[in-house]
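Residue numbers (this note's numbering): 14 to 419. Below is one structure, written out as structure tokens; the observations come after it.
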């Protein structure tokens, strides 16, 4: 089955052991006529590695919970380079309403709206607010360099540490109650319709800035609120709403405040993280960001994939205004060191030294291989004797990155 990048995906995860006959399912999905222009993908019939590549759902989804993707390549106008243009300019409001309608008619545990080829959701629909948080905790659960407490390491977790983290996934979901989860939402769209809860990041005209999906993921996932002991209730409090008046303990009517509290002083700007600066190269018509090892991780790769340059380039990097303008207008490429081959994937599996040696291709006298980098996409891996391994987004003309590294 050929899948086109930027195809709109209506992703449906059914409740455990949901029994639905084919007629009811088709009617719930909008009828046979509505499905004629779409592809239905039963991911449970695929090799599990294929689902990991498309959109992982474990450990959120249990074995008895079926999953169905409806793929439509007629709604979103394909972007020449999804990694360089983070905004979907098509109106997705009708697709959002269709997703909500399907979730209302069928026994759906969680429904999502996203596009193939880039990370992040435009719309989430669930019947349980904790499921909204659960799906947004998957990046933490599956990231090989983030530990059980949510702290990022310089090196990948051991197999034992990774398995131990996955064991705490269900416990972490018990640390925040529904009120604490909702109190964190800021700048997102939230509503209830019957027994459904809906969160989305669409603009008023239905367009989608995918950079806001990271904001939704961070607010709902709430890694920083993890308890010291997995599963223990979080000590984080729900912040009071502006102007709220607390009721007296004896039940007497609350008295209005005599005067509004003075506005707090604006917070001091956060100091930038330490670390060496980026090296900026201008190659022909493109900007190339050269990362030192201390400045490159999965969060940076995710920001690069969304062209979120503000979370990549720091003030201390001394990037000129003209170069920043060029990056915002035309995008940028990058090259970064890679410590372990297992950080990249091929055919849904971490790359091994044996496979790299077997499948690598010559590049400027070096060994190279096209691989998948989590949260970014396709990159070229190459090895420079005496200097180590590197990955670059310059999949067309990677020899330019090789020349810079040499």
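Note that the Cβ used here is the ideal one computed from N, Cα and C, for glycine as well.
- Residue range 151-155 is occupied by the alpha helix (DSSP H) that includes residue 153.
- Shortest Cα-Cα distance from residue 128 to any of 377, 392, 87 and 306 involves 87.
- Residue 173: not part of any beta strand (DSSP E); member of the alpha helix (DSSP H) spanning 172-180, first to last residue.
- For the 8 Å CB-CB criterion, residue 119 and residue 41 form a contact.
- The alpha helix (DSSP H) runs of length 4 or more contained entirely in the region 358-402 are, from start to end of the chain, 366-372.
- Linking residue 169 to residue 35 through their CA atoms gives a straight-line distance of about 45 Å.
- Taking a C-beta distance under 8 Å as the contact criterion, residue 391 and residue 385 qualify as a contact pair.
- Looking at the backbone, the Cα of residue 310 and that of residue 387 are separated by about 10 Å.
- Per the C-alpha coordinates, the member of 360, 415 and 358 positioned closest to residue 380 is 415.
- Rounded to whole angstroms, the gap between the alpha carbons of residue 290 and residue 318 is 20 Å.
- Sequence-distant partners of residue 293 (beyond 5 residues in either direction) whose C-beta falls short of 8 Å from its own C-beta, in its chain, are 300, 301, 302, 303, 330, 332 and 336.
- The beta carbons of residue 369 and residue 351 sit no closer together than 8 Å.
- Between residue 73 and residue 100, the alpha-carbon positions lie close to 28 Å from each other.
- Judged by pairs of C-beta atoms under 8 Å, the region 162-181 does not touch the region 216-229, as fewer than three such pairs exist.
- In the displayed model, residue 32 falls within coil according to three-state DSSP, outside both helix and strand.
- Inclusion of residue 187 and residue 244 in the CB contact set at 8 Å is warranted, their separation being smaller than that value.
- When C-beta atoms of the region 46-66 are compared with those of the region 132-140, fewer than three pairs fall below 8 Å, so the two segments do not count as touching.
- Taking the Cα positions, residue 205 is about 31 Å away from residue 156.
- Here residue 172 is exposed, its C-beta having fewer than 16 other C-beta atoms within 10 Å.
- Going by C-alpha positions, residue 408 is about 23 Å away from residue 399.
- Comparing C-alpha distances from residue 19 to each of 394, 341 and 126 shows the shortest one belongs to 126.
- Beta-carbon to beta-carbon, residue 51 and residue 85 are separated by about 5 Å, close enough to satisfy the 8 Å threshold.
- By the CB criterion at 8 Å, residue 236 and residue 132 fall outside the cutoff.
- For residue 190, the three-state secondary structure derived from DSSP is coil.
- The beta carbon of residue 39 sits closer than 8 Å to the beta carbons of 45 and 48 from its chain, once the five residues preceding and following it are set aside; these are given in chain order.
- For residue 300, the enclosing beta strand (DSSP E) stretches over residues 299-303.
- Judged by their CB atoms, residue 89 and residue 104 are not nearer to each other than the 8 Å cut-off.
- Between residue 228 and residue 207, the C-beta spacing is not below 8 Å.
- Rounded to whole angstroms, the separation of the alpha carbons of residue 16 and residue 135 is 19 Å.
- Setting aside the 5 residues that flank it on each side, residue 418 is surrounded in the same chain by 348, 397, 400 and 403, each with a C-beta closer than 7 Å to its C-beta; the list follows chain order.
- Beta-bridge partners assigned by DSSP to residue 162: none are found.
- Proximity to residue 28 across 69, 80 and 70 peaks at 80, based on C-alpha coordinates.
- With respect to the C-alpha of residue 165, the residue from 367, 326 and 313 having the closest C-alpha is 313.
- DSSP, reduced to helix, strand and coil, places residue 52 within a strand of the structure shown.
- A Cβ-Cβ contact shorter than 8 Å links residue 25 with residue 124.
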